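Asks:
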Amino acid sequence: MLGRGKSRKEKGGTTVLTMMDQKLDADAGHAIDLRAFIRCAVVADPQMTCEQVMRLFERHADSECIVVCEDERVPCGLVMRDKLIRRLGSRFGASLYSDKPISRLMDDRPIVADAAMPLQELLDLALGRAESSLYDCVIVVDGARLAGILTVADLLGLSKLHQQQAAVAKQRIIRRMERLMADIDGAVTKVQQAGMHGEALSQSMSELTRTGREALVDADRAFDALAERMAVQRERIAELQQRAEAIDSVTALIKRLADQCNLLAVNASIEAARAGGHGRGFGVVADEIRMLAAETKRSAGEIAEMIGAIRASVQETAEQFMAGIRVSESSRSAIGRAGEAFERIFAAAADNHGTAREINAKAQAACEMAGRVAAEIRELADGFRSSDEIGRPGETNSAVAAFK
Numbered sequence: 000m001l002g003r004g005k006s007r008k009e010k011g012g013t014t015v016l017t018m019m020d021q022k023l024d025a026d027a028g029h030a031i032d033l034r035a036f037i038r039c040a041v042v043a044d045p046q047m048t049c050e051q052v053m054r055l056f057e058r059h060a061d062s063e064c065i066v067v068c069e070d071e072r073v074p075c076g077l078v079m080r081d082k083l084i085r086r087l088g089s090r091f092g093a094s095l096y097s098d099k100p101i102s103r104l105m106d107d108r109p110i111v112a113d114a115a116m117p118l119q120e121l122l123d124l125a126l127g128r129a130e131s132s133l134y135d136c137v138i139v140v141d142g143a144r145l146a147g148i149l150t151v152a153d154l155l156g157l158s159k160l161h162q163q164q165a166a167v168a169k170q171r172i173i174r175r176m177e178r179l180m181a182d183i184d185g186a187v188t189k190v191q192q193a194g195m196h197g198e199a200l201s202q203s204m205s206e207l208t209r210t211g212r213e214a215l216v217d218a219d220r221a222f223d224a225l226a227e228r229m230a231v232q233r234e235r236i237a238e239l240q241q242r243a244e245a246i247d248s249v250t251a252l253i254k255r256l257a258d259q260c261n262l263l264a265v266n267a268s269i270e271a272a273r274a275g276g277h278g279r280g281f282g283v284v285a286d287e288i289r290m291l292a293a294e295t296k297r298s299a300g301e302i303a304e305m306i307g308a309i310r311a312s313v314q315e316t317a318e319q320f321m322a323g324i325r326v327s328e329s330s331r332s333a334i335g336r337a338g339e340a341f342e343r344i345f346a347a348a349a350d351n352h353g354t355a356r357e358i359n360a361k362a363q364a365a366c367e368m369a370g371r372v373a374a375e376i377r378e379l380a381d382g383f384r385s386s387d388e389i390g391r392p393g394e395t396n397s398a399v400a401a402f403k
């Protein structure tokens, strides 16, 4: 009935720990199933005598315990070989108990674990027993029926396997943390580089904004000078218009004088004709005066036309000049608004530069902190590797061998 436990000792000296070592890599990421490690148990009836149970131990020399079961293999007690031998080997022990039912000497409150119980819970339960029962076997049931037993050696082996899995999990977590820290370090480095680049850009933007603001100030000054020159030109244009009007008045006066001269010349010609031969010379002079008056009137008309053209040109120039003044004033207003916008941009650039400098400083601090954390993780991993006793299976095998 101990076929499974016996085979572990007969297969070329392969122990349960060796089998566990072979399963470590395959089971590292999975929960341990107790069903794969339980031993077949020798079963006794509660009414069997102590002597009969002792003979049952003799037939199964490798068995450390016998499980006492009621009907349908429901465990009700546990008998350990060494404890039964001590009780029956004591003075008057055989005479007192040999023919008594084993229920008198069995442990009626053994540890009974379900096959689905988590390993850590089972180990805590087994290690929490009183010293008198610390080395007793653990009964494993599936539902309520007996499934097998686990010896102290099995529990130590399972504990080793559990520790190995925990160590593998720790190393896996540490490697994952190292990768994460490497990623974090890379990300922080990128943030730091971006912060430095942003700070440089903010500095450049501040300088460009300052240059633009100075250019606007120069443009505003240039517009002030232009406004002064345009004011002078405006006065000169107004003066030119006034002089053109004065010339026009003089031309009109000349035309009137020419008309009067022409009229006087006509009257003189009439009087010369009346005088006959005596007024012939006077008539010639009168004709010359009349022709001169006509020429003067014609020249005055031409002058008036030229003065009109000049006045029209001056008026057009004045209108264009006024349009230029309006455009200049509009441009100056736009420059003023642009100056205000540049002031806001300059303030924002200065604020952004300060923020970028703060981000750069914090990124530098984060980079240094990430480096310290990575160093601590490496130190922690080295500590795990150097202090991990499960990496030396010979010591645990020796401890387990003491219970064989």
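For what it's worth, numbering that gives the first Met the number 0 labels the leading residue of the sequence shown as 0, then goes sequentially.
Glycine included, each C-beta is placed from N, C-alpha and C at the ideal position.
Quick caveat, the model's predicted, so the values are computed rather than measured.
Which runs of the beta strand (DSSP E), 3 residues or longer, sit entirely within the segment 98-169?
Replies: 111-113, 137-141 and 144-149
Asks: Are the beta-carbon atoms belonging to residue 450 and residue 147 less than 8 Å from one another?
Replies: An answer regarding residue 450 cannot be provided, because it is not within the stretch 0 to 403 covered by the chain.
Asks: Compute the Euclidean distance between the alpha carbons of residue 70 and residue 58, then round it to the nearest angstrom.
Replies: On the sequence shown, position 71 is the one that residue 70 refers to. On the sequence shown, position 59 is the one that residue 58 refers to. So the two alpha carbons sit approximately 23 Å from each other.
Asks: Please report the residue range of the alpha helix (DSSP H) in which residue 49 lies.
Replies: Start at 1 with the first residue of the sequence shown, and residue 49 comes out as number 50. 49-58 is the extent of the alpha helix (DSSP H) around residue 49.
Asks: How should residue 135 be labelled, buried or exposed, when 16 other C-beta atoms within 10 angstroms of its C-beta is the threshold for buried?
Replies: As a working note, residue 135 is residue 136 in the sequence shown. When all chains shown are included, residue 135 counts as buried.
Asks: Is it the case that the Cβ atoms of residue 79 and residue 64 are separated by a distance below 8 Å?
Replies: Sequence index remark: in the sequence shown, residue 79 carries index 80 (1-based). Sequence index remark: in the sequence shown, residue 64 carries index 65 (1-based). Contact: yes.
Asks: Whole angstroms are fine: how far does the CA of residue 32 sit from the CA of residue 369?
Replies: Along the sequence shown, read from residue 1 onward, the residue named residue 369 stands at position 370. Along the sequence shown, read from residue 1 onward, the residue named residue 32 stands at position 33. Spanning the two alpha carbons is a distance of roughly 40 Å.
Asks: Where does the unbroken beta strand (DSSP E) through residue 76 begin, and where does it stop?
Replies: Translated into the one-based positions of the sequence shown, residue 76 becomes position 77. Run containing residue 76: 73-79, per the beta strand (DSSP E) assignment.
Asks: In its own chain, which residues sit with a C-beta less than 8 Å from the C-beta of residue 330, not counting the 5 before and 5 after it?
Replies: Stepping through the sequence shown from its first residue, residue 330 is reached at position 331. Result list for residue 330: 222, in chain order.
Asks: Rounded to whole angstroms, what is the Cα-Cα separation between residue 53 and residue 171?
Replies: In the sequence shown, residue 53 corresponds to position 54, counting from 1. In the sequence shown, residue 171 corresponds to position 172, counting from 1. Approximately 50 Å between the Cα atoms of the pair.
Asks: Quickly, what does DSSP pair residue 65 with across the bridge? List them, please.
Replies: The residue given as residue 65 occupies position 66 in the sequence shown. BP columns for residue 65 point to 41 and 78.
Asks: Where residue 347 and residue 194 are concerned, what is the direct C-alpha to C-alpha distance, given to the nearest angstrom?
Replies: Locating residue 347 in the sequence shown gives position 348, counting from the first residue. Locating residue 194 in the sequence shown gives position 195, counting from the first residue. In a straight line, the C-alpha of residue 347 is about 17 Å away from that of residue 194.
Asks: Take residue 126 and list the residues in its own chain whose beta-carbon comes closer than 6 Å to its own, dropping the five residues that flank it on each side.
Replies: As a first step, residue 126 must be located in the sequence shown, where it is residue number 127. So no residue of the chain qualifies.
Asks: From what residue to what residue does the alpha helix (DSSP H) around residue 93 run?
Replies: As a working mapping, residue 93 is identified with position 94 in the sequence shown. That run of the alpha helix (DSSP H) goes 92-96.
Asks: Is residue 289 closer than 8 Å to residue 264 when the C-beta atoms are compared?
Replies: Along the sequence shown, one-based indexing puts residue 264 at 265. Along the sequence shown, one-based indexing puts residue 289 at 290. It is a contact, given that the beta carbons lie within the stated cut-off.
Asks: Look at the alpha carbon of residue 207 and the alpha carbon of residue 188, and state the distance between them as a whole number of angstroms.
Replies: In the sequence shown, the residue the question calls residue 207 occupies position 208. In the sequence shown, the residue the question calls residue 188 occupies position 189. Approximately 28 Å between the Cα atoms of the pair.
Asks: Can you tell me whether residue 91 is buried or exposed? The criterion is at least 16 other CB atoms within 10 Å of its CB, across all chains shown.
Replies: In the sequence shown, counting from the first residue as 1, residue 91 sits at position 92. Result: exposed.
Asks: Taking residue 94 as the reference, which of 138, 123, 132 and 49 has the closest Cα?
Replies: Translated into the one-based positions of the sequence shown, residue 94 becomes position 95. Closest by alpha carbon: 49.
Asks: Cα-Cα, which of 226, 192, 183 and 354 is closest to residue 321?
Replies: Along the sequence shown, read from residue 1 onward, the residue named residue 321 stands at position 322. Of the candidates 226, 192, 183 and 354, the one whose C-alpha sits nearest the C-alpha of residue 321 is 226.
Asks: Alpha carbon to alpha carbon, how far is residue 244 from residue 297? Give it in angstroms, no decimals.
Replies: Along the sequence shown, one-based indexing puts residue 297 at 298. Along the sequence shown, one-based indexing puts residue 244 at 245. In a straight line, the C-alpha of residue 297 is about 19 Å away from that of residue 244.
Asks: Do you know offhand how far residue 373's Cα is from residue 381's?
Replies: The count along the sequence shown starts at 1 and reaches residue 373 at position 374. The count along the sequence shown starts at 1 and reaches residue 381 at position 382. Residue 373 and residue 381: Cα-Cα distance of roughly 12 Å.
Asks: Should residue 203 go down as buried or exposed, given a rule of 16 or more other Cβ atoms within 10 Å for buried?
Replies: Start at 1 with the first residue of the sequence shown, and residue 203 comes out as number 204. That one is exposed.
Asks: Residue 159 to residue 45, Cα distance in whole Å?
Replies: On the sequence shown, residue 159 is found 160 positions in, with the first residue counted as 1. On the sequence shown, residue 45 is found 46 positions in, with the first residue counted as 1. Rounded to whole angstroms, residue 159 and residue 45 show a C-alpha spacing of 35 Å.
Asks: Give every residue of the same chain whose Cβ lies closer than 6 Å to the Cβ of residue 97, excluding the five residues on either side of it in the sequence, and list them in chain order.
Replies: Counted from its first residue, the sequence shown places residue 97 at position 98. 49 and 50.
Asks: How would you call residue 262, buried or exposed, if buried means at least 16 neighbouring beta carbons within 10 angstroms?
Replies: By 1-based counting over the sequence shown, the position of residue 262 is 263. Residue 262 should be labelled exposed.
Asks: Quick check on the DSSP output: what are the complete alpha helix (DSSP H) runs of length 4 or more inside the segment 332-381, in order along the chain?
Replies: The DSSP assignment places no complete alpha helix (DSSP H) segment of no fewer than 4 residues inside the segment 332-381.
Asks: Apart from the five residues just before and just after residue 212, which ones in its own chain have a Cβ nearer than 8 Å to its Cβ?
Replies: For the purposes of this step, residue 212 is taken as the residue at position 213 of the sequence shown. So the qualifying residues of the chain are 338, 341, 342 and 345.
Asks: Given residue 122, which residues of its chain have a CB within under 6 Å of its CB, disregarding the five upstream and five downstream residues?
Replies: Looking up residue 122 in the sequence shown gives position 123. Correct list, in chain order: 158.
Asks: Report the three-state DSSP secondary structure of residue 31 (helix, strand or coil).
Replies: Locating residue 31 in the sequence shown gives position 32, where the first residue counts as 1. Correct three-state label for residue 31: coil.
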